[in-house]
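Visitor:
Protein chains in written order, with our numbering: chain A, 391 to 667; chain B, 805 to 898.
(1) For the region 545-582 of chain A, list the beta strand (DSSP E) runs that are entirely contained and at least 3 residues long, ordered along the chain.
(2) Report all residues from its chain with a CB closer than 6 Å to the CB of residue 407 of chain A; omit the five preceding and five following residues, and keep chain order.
(3) Write down the C-beta distance between residue 859 of chain B and residue 807 of chain B rounded to the nearest angstrom, noting that I regard them as a contact closer than 8 Å.
(4) Quick one: measure Cβ to Cβ for residue 646 of chain A and residue 440 of chain A, integer angstroms, because I've assumed they're closer than 8 Å.
(5) Counting C-beta neighbours from all protein chains within 10 Å, is the total for residue 894 of chain B 16 or more, i.e. buried, or is it exposed?
(6) Could you give the DSSP three-state label for residue 846 of chain B: helix, strand or coil?
(7) Considering only residues of the region 414-466 of chain A, which uninterrupted beta strand (DSSP E) runs meet the minimum length of 3 residues and lie entirely inside it, listed in chain order?
(8) Taking any Cβ of chain B, which residues in the region 573-607 of chain A have a Cβ under 7 Å from it, in chain order?
(9) Output yes if chain A places a C-beta closer than 7 Å to the C-beta of residue 823 of chain B; else output no.
(10) Going by the CB atoms, is the gap between residue 521 of chain A and residue 429 of chain A shorter than 7 Å?
(11) Measure the CB-CB distance between residue 398 of chain A and residue 661 of chain A and report whether it falls below 7 Å.
(12) How close, in whole Å, do the beta carbons of residue 632 of chain A and residue 552 of chain A come, if the pair is a contact with beta carbons under 8 Å?
(13) Of all the residues that make up the region 837-866 of chain B, which are near chain A by a beta-carbon distance shorter than 7 Å?
(14) Closest Cβ-Cβ distance between residue 811 of chain B and chain A: below 7 Å?
(15) Could you please give me the residues that DSSP links to residue 529 of chain A through a beta bridge?
(16) Here's the rule: buried if 16 or more other CB atoms are within 10 angstroms of the residue's CB, otherwise exposed. What is residue 811 of chain B?
(17) Would you say residue 448 of chain A lies against chain B (beta-carbon separation less than 7 Å)?
(18) Using a C-beta to C-beta distance shorter than 7 Å, which residues of chain C count as neighbours of residue 473 of chain A?
(19) Please list the partners that residue 538 of chain A has in chain B, where partner means a Cβ-to-Cβ separation under 8 Å.
(20) Is the separation between the beta-carbon of residue 872 of chain B and that of residue 824 of chain B shorter than 7 Å?
Structure follows, in structure tokens:
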């Protein structure tokens, strides 16, 4: 039986890689230290499979097709963006477990969309580059939840998807040690008039809820309120909700938080600690 | 004659460099291939960012199209236009 042994919440801001020097040196140092800590913990927990929950930014999915939720079940490449500062490459994937998550979802009432040849954007690529790539042998399962397009996935559905993912991991007959990453956020406005501002007060309210493990309160925050206070990018806390729901009873331990206007985002790094921890 | 055709243009130019180039080179000719009314075509051709945003175009899609047509180095201009008055009508746009 596979086991979900670790969970983390972290940003996937592309400017961290494409405009590294734009941020003050002290903040850069603390952000990279946070990435390094997560990568080290993945190693220490002997994780071999990392489920990365991200969201598109009208790069993969636009006007023609907007899947509410999607899993890469075959080959995975990235990044899509030629400005990210990373060479396009094949990413190590786990098609069999990804397919098992799909099949479990169909029983659970989750109609996952599927990509058998997925070209990922920075939402998957940034976490992969900074926390998975340093650990040879770790494979990823990329998951996209629609937080950027209208209609956005309801947060309660994101939680249901997290529960289904966890059930799939538990019922997988292999002995994989799995981690789940809820990526994105915190406050940021993408393509909007307030792009470049960070709402640190809002970010710290969300962090406090995650530290308390108050999933219900996070789910209850209306999308309209998130949009007004923290920007369209902050809807990515749905990915956090998904990861937290996969580890019921977990509370987040704050690793680092940096408000970085130069990277247009509040960057929060948390470890999800299970109730038994 | 709806937001959907505008979105299609945004999506096409942001995904296909050749289409972005065609739109830059001869926007009138390029946009004639879409079901756009005169005001919509003008808003796109002039990159009336505030107006297009007011019509409800996804800001992420709008920025992707801007980056494809003008370039990511001009993001300050994008934001200046986003914060300026829109030329296009602000009424509900179905």
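Beta carbons: idealized from backbone N, C-alpha and C, even for Gly. Predicted, not measured: the structure shown is a model, and the values here were computed from it.
Guide: Straight from the coordinates:
(1) 567-573
(2) 474, 475
(3) 6 Å
(4) With a Cβ gap of about 19 Å, residue 646 of chain A and residue 440 of chain A do not count as contacting.
(5) For residue 894 of chain B, the predicted structure reports a pLDDT of 41, less than 50, and the residue's modelled location is therefore unreliable. A value from the coordinates is still provided. With a threshold of 16 other beta carbon atoms within 10 Å, residue 894 of chain B falls short and is exposed.
(6) helix
(7) For secondary structure counted as the beta strand (DSSP E) over 3 or more consecutive residues, the region 414-466 of chain A holds these complete runs in sequence order: 439-444.
(8) So the close ones are 580, 581, 582, 583, 585.
(9) no
(10) yes
(11) Yes. Within cutoff.
(12) Going by Cβ atoms, the distance from residue 632 of chain A to residue 552 of chain A rounds to 4 Å, so yes, they are a contact pair.
(13) 862, 863, 864, 865, 866
(14) Yes, residue 811 of chain B lies at the interface with chain A (some Cβ there is under 7 Å from its Cβ).
(15) A:439
(16) buried
(17) yes
(18) Of the protein chains in the structure, A and B, none is chain C.
(19) 862, 864
(20) yes
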